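Everything in the sequence shown is counted per numbering that gives the first Met the number 0, starting at 0 for the first residue and increasing by one.
Here is the structure we will look at, set down as structure tokens.
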Amino acid sequence: MLPTEQELTTQNASSQSFALGKRYQVAMPQQNSGSITDSIIKIPSLKETVKPDESPTNTIVSTVNSQQKNNMSWQTAKVRSGDSIARIFKRLGFSAQETYAVSTAQGKDSKLLMKINVGDTLRIASNDKNKVIALEYPLSKKDTLYINLVGDKFQSHKESKTVEIRQAFAHGTISSSFWNAGTIAGLTDAQIINFANIFGWDIDFALDLRTGDSFHMIYEKKYIEGEYIGTGNILAAEFVNQNELFQAVRFTDDEYYTPDGKSMRKTFLRAPVSFKYISSNFKRKRFHPVQKRWKAHRGVDYAAKTGTPVVAAGNGKVTHSAYNKYNGHYVFIQHGNGIVTKYLHFSKRAVKKGQRVKQGQLIGKVGATGLAAGPHLHYEFLLNGVHRNPRTVKLPDAKPIAKKYKTKFTALAKKRIQALSAAKNTLFSIITKE
Ligand SMILES: [Zn+2]
């Protein structure tokens, strides 16, 4: 499944040496510098190829006969602000009739011409009589719209290039913030947020991370004709938070489960604010005696800018949405099983009393109304009227994966977790070599 240690160490020994205990940036020799791949170990043998959504035939293009081809000249038009297909055709010197004929080409895909975006490029072929013969419109790196004159009618179709999916491994150790560690590991902003979201029911990324916490993940990288076009899904993820191990594996339903098949989704999010708004406070918060502070005032404070979105930690019904001089603008939510959550000091409330809310739904924005020294969210979690620490309270086990998928998932999880640990071991052998 994985390249042997020997292969990886040999490949890298020539170009790089590694210091023990240092953050590693392992670049494979065949990869170009300047891309995010530099900090990632590629696992070449884990390739999977995904078929395009559709595989249309190319027969229409070939109906452009050789006579036409000989007299054909191509023009390229970049879509400008305020452009329409009519404007572009006019600019290129084609008649309104030509515009009409092309934009009403047979086939549903011709409608895509109505949705051109600024910066897109159209390629238009015409003959020596200034009649349009063909149009090519790359919709993305994957898809291209083709419109061709066939006889005296235009026909449209879309072609998709094959996207090759490769798997990559990334790893990081937290020294200042999860965001920084993710960036150093070569992850995109979206990947960092996605990763935190996978564990958002277990870990409070805003307040509970510590120096030395670490993450490992296997994710998809997409290529078209050998060209890297972007990242895909996170396939397996692991986070060690204060020496506690959390693991998640993506299944075919696009959901994440623990290796033993329990959904990562739980009835409550650990934090009602995304860590991305809080991470700048990480250093200051790192050694903050949170537990003591929590005991003192029975809530958790998230310092964040005024206007930062706050979401419902779980599904429920809004029992209070009001203002008083202590709480400022505040919202209380009644959940099932005797649980109530409270959110204070909003600058703005986004829900009304009696309203049903879903987990993750915006309920208000951080502010400093009421008795608040500065903008922050004061968050409380009560079970049967008793305050509990929302970040440590034991919650009921999440739903297990459906029985009919259990066997399939277990096999997949085993494979993914093995790949994850194999990648880690390979990495370890590279680091400790010298
Ligand atoms: Zn507070």
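Idealized CB from N, CA, C, for every residue including glycine.
All values reported here derive from a predicted model rather than from experimental measurement.
Would you decide whether residue i is buried or exposed? Buried here means 16 or more other CB atoms lie within 10 Å of its CB.
| i | result |
| --- | --- |
| leucine 370 | exposed |
| aspartate 364 | Looking at the sequence provided, one finds lysine at residue 364 rather than aspartate. Burial call: buried. |
| methionine 263 | buried |
| lysine 352 | exposed |
| valine 131 | buried |
| threonine 425 | buried |
| aspartate 188 | exposed |
| leucine 268 | buried |
| glutamine 417 | exposed |
| aspartate 259 | exposed |
| glycine 118 | exposed |
| tyrosine 322 | exposed |
| serine 174 | exposed |
| lysine 46 | Unreliable positioning characterises lysine 46 in this predicted model, as indicated by a pLDDT of 40, which lies under 50. A coordinate reading is not provided. |
| serine 94 | exposed |
| aspartate 212 | buried |
| alanine 184 | buried |
| threonine 251 | exposed |
| leucine 381 | buried |
| leucine 186 | buried |
| glycine 441 | Nothing in the structure corresponds to residue 441, since the chain is present only between 0 and 433. |
| alanine 401 | exposed |
| glutamate 379 | buried |
| phenylalanine 238 | buried |
| threonine 3 | In this prediction, threonine 3 scores a pLDDT of 34, lower than 50, which makes its location untrustworthy; the coordinate-derived value is nonetheless stated afterwards. Flag for threonine 3 reads exposed. |
| phenylalanine 168 | buried |
Pull up the CB-CB distance for residue i and residue j, whole angstroms please, since I reckon it's below 8 Å.
| i | j | result |
| --- | --- | --- |
| threonine 305 | serine 273 | That pair is no contact at about 16 Å. |
| leucine 208 | phenylalanine 177 | 6 Å |
| asparagine 232 | tyrosine 218 | 7 Å |
| tryptophan 73 | alanine 124 | 5 Å |
| leucine 134 | arginine 122 | 7 Å |
| histidine 215 | arginine 297 | Histidine 215 to arginine 297, Cβ: 36 Å. No contact. |
| lysine 261 | leucine 394 | That pair is no contact at about 12 Å. |
| aspartate 108 | histidine 156 | 6 Å |
| asparagine 129 | asparagine 70 | Not a contact, Cβ separation roughly 11 Å. |
| arginine 79 | leucine 206 | No, arginine 79 and leucine 206 are not in contact; Cβ-Cβ is about 48 Å, not under 8 Å. |
Sorry if obvious, but does the Cβ on residue i come closer than 7 Å to a heavy atom of ligand 2?
| i | result |
| --- | --- |
| aspartate 203 | Among the ligands present in this structure, namely ligand 1, ligand 2 is not found. |
Apart from the five residues on each side of it in sequence, which residues of its chain come closer than 8 Å, Cβ to Cβ, to residue i?
| i | result |
| --- | --- |
| glycine 327 | Leu343, His344, Phe345, Gly366, Ala367, Thr368, Gly369, Leu370 and Ala371 |
| alanine 349 | Leu361, Ile362, Gly363 and Lys364 |
| aspartate 396 | Lys261 |
| glutamate 97 | Phe88, Lys130 and Val131 |
| glutamate 226 | Lys140 |
What span of residues does the alpha helix (DSSP H) with residue i cover, start to end?
| i | result |
| --- | --- |
| lysine 89 | 84 to 90 |
| threonine 98 | 95 to 102 |
| phenylalanine 250 | Unbroken run through phenylalanine 250: none, as it is neither H nor E. |
| glycine 439 | The displayed coordinates of the chain run from 0 to 433. Any statement about residue 439 would go beyond what the structure contains. |
| threonine 197 | The sequence given here places isoleucine at residue 197; threonine does not occur at that position. Note, isoleucine 197: alpha helix (DSSP H), 188 to 197. |
Please report whether the beta-carbon of residue i lies at a distance below 8 Å from any beta-carbon of chain E.
| i | result |
| --- | --- |
| arginine 355 | Any reference to chain E falls outside this structure, which holds one protein chain only. |
If I measure Cβ to Cβ from residue i and keep anything under 6 Å in the same chain, skipping five residues before and after, which residues do I get?
| i | result |
| --- | --- |
| leucine 148 | Ile132 |
| alanine 195 | Phe204 and Phe274 |
| alanine 100 | Phe153 |
| glutamine 333 | Gly315, Lys316, Thr318 and Val339 |
| alanine 247 | Ile197, Ala236, Tyr255 and Met263 |
| glutamine 354 | Val317 |
| lysine 398 | Ser262 |
If you drop the 5 nearest sequence neighbours on each side, which residues of the same chain put their C-beta closer than 7 Å to that of residue i?
| i | result |
| --- | --- |
| alanine 303 | Val272, Tyr276, Ile277, Val365, Pro374, His375 and Leu376 |
| asparagine 383 | Gly337 |
| leucine 91 | Gln74, Ala76 and Ile123 |
For the beta strand (DSSP E) containing residue i, name the first residue and the last one.
| i | result |
| --- | --- |
| methionine 216 | 213 to 223 |
| glutamine 166 | 162 to 172 |
| arginine 390 | Taken as a continuous stretch (DSSP letters only), arginine 390 belongs to no beta strand (DSSP E), as it is neither H nor E. |
| alanine 302 | 299 to 302 |
| isoleucine 233 | 226 to 240 |
| alanine 321 | 315 to 323 |
| serine 346 | 338 to 348 |
| tryptophan 200 | It is not in any beta strand (DSSP E) - tryptophan 200 carries neither H nor E in the DSSP assignment. |
| valine 310 | 308 to 310 |
| phenylalanine 204 | Here phenylalanine 204 belongs to no beta strand (DSSP E), and DSSP marks it neither H nor E. |
| lysine 364 | 361 to 365 |
| lysine 77 | 72 to 77 |
| threonine 120 | 120 to 125 |
| histidine 375 | 375 to 382 |
For this session: Would you check if the segment 350 to 369 and the segment 297 to 311 touch, i.e. whether three or more CB-CB distances between them fall below 8 Å?
Result: yes
Problem set entry | Three CB pairs or more closer than 8 Å across the segment 323 to 338 and the segment 407 to 427 | no
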